[in-house]
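Below you'll find the structure, written out as C-alpha cells, and then a few comments.
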Amino acid sequence: MIHAAQLAHIEAVINQMTLFDRPADAVLSAYFREHPKLGAQDRHVIAETAFACLRRYTFATALIAPEKPTARKLALATLARIRHINLKEFGDSLAANEREWVTALKGKEVEASLALEAELPEWVLERLALNHDEIVELGQGLMRPAPLDLRVNTLKMKRDDALARLVADGIDAEATPFSPIGIRLKGKPAINRHALFKDGALEVQDEGSQLLGLLVGARRGEMVVDFCAGAGGKTLLLGAQMASSGRLYAFDVSEKRLANLKPRLARSGLSNVHPQLIAHENDIKVKRLAGKADRVLVDAPCSGLGTLRRNPDLKFRQTGQSVAELNEKQAAILESASRLVKTGGRLVYATCSLLPQENRDIVAAFLERHPDFELTPANRLLEDMRVALDTGDCLEMSPHRHNTDGFFAAIMTRRQG
Ligand SMILES: C[S@@+](CC[C@H](N)C(=O)[O-])C[C@H]1O[C@@H](n2cnc3c(N)ncnc32)[C@H](O)[C@@H]1O
1 MIHAAQLAHI
11 EAVINQMTLF
21 DRPADAVLSA
31 YFREHPKLGA
41 QDRHVIAETA
51 FACLRRYTFA
61 TALIAPEKPT
71 ARKLALATLA
81 RIRHINLKEF
91 GDSLAANERE
101 WVTALKGKEV
111 EASLALEAEL
121 PEWVLERLAL
131 NHDEIVELGQ
141 GLMRPAPLDL
151 RVNTLKMKRD
161 DALARLVADG
171 IDAEATPFSP
181 IGIRLKGKPA
191 INRHALFKDG
201 ALEVQDEGSQ
211 LLGLLVGARR
221 GEMVVDFCAG
231 AGGKTLLLGA
241 QMASSGRLYA
251 FDVSEKRLAN
261 LKPRLARSGL
271 SNVHPQLIAH
281 ENDIKVKRLA
291 GKADRVLVDA
301 PCSGLGTLRR
311 NPDLKFRQTG
321 QSVAELNEKQ
331 AAILESASRL
341 VKTGGRLVYA
351 TCSLLPQENR
361 DIVAAFLERH
371 PDFELTPANR
381 LLEDMRVALD
391 TGDCLEMSPH
401 RHNTDGFFAA
411 IMTRRQG
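Just so you know, we're using the UniProt record's numbering here: the sequence shown kicks off at 1 and counts up by one.
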C-alpha cells in the first residue's frame with residue numbers, strides 16, 4: 001500500500017533528483033537527513049521508487065508524453081508501470097483526476113525505440129560501437145540490481161575462512177566466480193556492522209574492480225603508485241597484495257576523497273601506504289618519482305557509465321561534451337603517470353566507463369606516442385593468475401556478461417632499454 005505521505009516524499013525526491021545537478025545518492029541521503037523521522041519501510045519505498053524512475057526514465061517520460069514529466073507524474077508512472085502497483089494499492093493517496101490518469105496510463109503503449117529498450121540516451125548509443133542486440137543486452141544488464149561484493153583483506157584472513165564465518169553468522173554468501181579474493185552476498189545485509197568488516201578483514205568492492213586491481217600485479221617490497229586513489233578502493237587491495245611492505249603512494253587531487261581513505265586505511269592494518277594530495281597531474285610530488293615505480297595504476301576520472309546499475313542518473317548528468325573534456329584529462333594523467341614507470345615496470349590504465357572513447361582510444365593514442373610502452377595482454381595475465389576469464393587483450397567487464405560493473409583496463413609494460 002502506498003500512503004499519501006509516502007507519495008509526497010517520492011515526488012519531492014524525484015523532483016530534486018531530476019534536476020540532475022548532483023548525484024542521486026547524495027540527494028537521497030540529504031533528504032533522509034532532513035527527514036529523520038522516516039521509518040525504514042518508508043525509506044525503502046522512497047529509495048526504490050526514485051531509483052526505478054531514474055533507471056527507466058526514458059520509458060517513464062514516454063508514458064507521460066506529450067504532457068510535461070512533472071515529479072508527481074513521474075512518481076505515479078513509476079509506481080503504476082515500473083513497480084506495478086495496482087490502483088487498490090494506491091489507497092486514498094490519489095485525487096480523483098489522478099486515479100483516472102493512472103487508470104489510462106495502465107493501458108498506454110509507447111512507441112518502441114532502441115533508446116527506450118536499452119534505457120540509454122542517444123549520445124551514449126552513438127558512442128558505444130555495438131550492434132542493436134548488444135546494446136539492448138547491455139542496457140538491460142545496466143538496469144538490473146547490482147549484487148553486493150566484498151573483497152577479503154588477505155593481510156588479515158583467507159577467503160575460505162571469511163566465507164565460512166559469514167555463512168556461520170547466517171549471511172547468504174558465496175565465492176565470486178572470477179576474483180580469487182571476492183565474496184558475493186545475496187541480498188543487502190548491513191555488512192558494515194559485521195565484526196569482520198569493522199576489523200578490516202572485509203571491504204565492499206565490486207568483483208570487476210578487484211580484478212582490475214589484481215592486474216596491477218603489485219608484489220612485496222615494490223614501489224607502487226595509485227595515481228588516482230580517491231577513497232582508496234584499489235589502494236587497499238594493492239597494499240594487501242604487497243603484504244604491507246615496500247611503498248605505495250596514493251595520489252589524488254581531492255582532499256575530501258583522500259580523507260575518506262584514512263579510516264579505511266586504519267581498519268586495513270596497512271602500514272606501507274603514503275597518501276599524497278597533489279594539485280594536478282604534473283605536481284612536483286609526482287615528478288620526484290620519475291622512473292622509480294615498479295607499477296603505476298591510473299584509475300582515471302571517467303563518465304562512470306559502467307556503474308549505471310548503482311548510479312542511473314549518470315547517463316543524464318554526463319554529456320558528449322563532458323566526456324570530451326574527460327578525454328583530455330585522461331590523456332594528460334596517463335601521460336604524466338607513465339613517466340613514473342621504471343624500465344620493465346607496469347602501467348595500468350583503467351576506467352569504469354563503457355565508451356571506447358574513454359578506454360581503447362586513450363590507450364591507442366598513448367601507445368602511438370610512446371613506442372617504449374607495449375600492451376601486455378590481459379587474458380595472458382589472467383591465465384597466469386588462474387582466473388578463468390578471457391576478455392581479450394584488455395580487461396572489459398560488463399554487467400550483462402559478468403554481473404559486475406562495467407570496467408576497462410589496459411596493461412602496458414615499459415620496454416627494456
Ligand atoms: C575513478 S576515481 C578513483 C577511484 C579509486 N581508485 C577507487 O578505487 O576507489 C578517479 C579519481 O581521480 C581523481 N583525479 C581527478 N583528476 C586527477 C588528477 N589530475 N590527478 C590525480 N587524480 C585525479 C579524482 O579525484 C577521483 O578520486
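Glycine included, each C-beta is placed from N, C-alpha and C at the ideal position.
| Check | Outcome |
| --- | --- |
| For residue 161, the first and last residue of its enclosing alpha helix (DSSP H) | 159-168 |
| Within 8 Å, strictly: CB atoms of residue 237 and residue 248 | no |
| Residue 393 Cβ short of 7 Å to ligand 1 heavy atom set | no |
| Beta-ladder partner(s) of residue 276, from DSSP | 251 |
| Close-in-space but distant-in-sequence residues of the same chain around residue 4 (CB under 6 Å, 5 per side omitted) | 93 |
| Cα-Cα separation, residue 325 to residue 54 | 25 Å |
| Extent of the continuous beta strand (DSSP E) run through residue 345 | 341-351 |
| Residue 113, buried or exposed, once every other Cβ within 10 Å from all chains shown has been counted against 16 | exposed |
| Any non-hydrogen atom of ligand 1 closer than 7 Å to residue 310 Cβ | no |
| Cβ neighbours of residue 242 in the same chain (closer than 7 Å, five flanking residues each side left out) | 218, 219, 220, 222, 224, 248, 272 |
| Inter-residue spacing [alpha-carbon to alpha-carbon] between residue 303 and residue 173 | 31 Å |
| Neighbour-count burial assignment, residue 29, 16 or more Cβ in a 10 Å radius | exposed |
| Residues that residue 317 bridges to, as DSSP identifies them | Answer is none; residue 317 lacks a bridge partner. |
| With 16 other Cβ atoms within 10 Å as the buried cut-off, status of residue 386 | exposed |
| Per DSSP, the bridge partner or partners of residue 409 | 350, 395 |
| Residue environment, residue 409, which counts as buried when at least 16 other CB atoms sit within 10 Å | buried |
| DSSP-derived helix/strand/coil call for residue 197 | helix |
| Alpha carbon of residue 169 to alpha carbon of residue 202, nearest angstrom | 15 Å |
| Bridge partners - residue 376, DSSP secondary structure assignment | 411 |
| Cβ neighbour criterion (16 or more within 10 Å) applied to residue 195 | exposed |
| Ligand 1 heavy atom lying under 7 Å from the CB of residue 229 | yes |
| Assigned secondary structure, residue 171 (DSSP; H/G/I helix, E/B strand, else coil) | coil |
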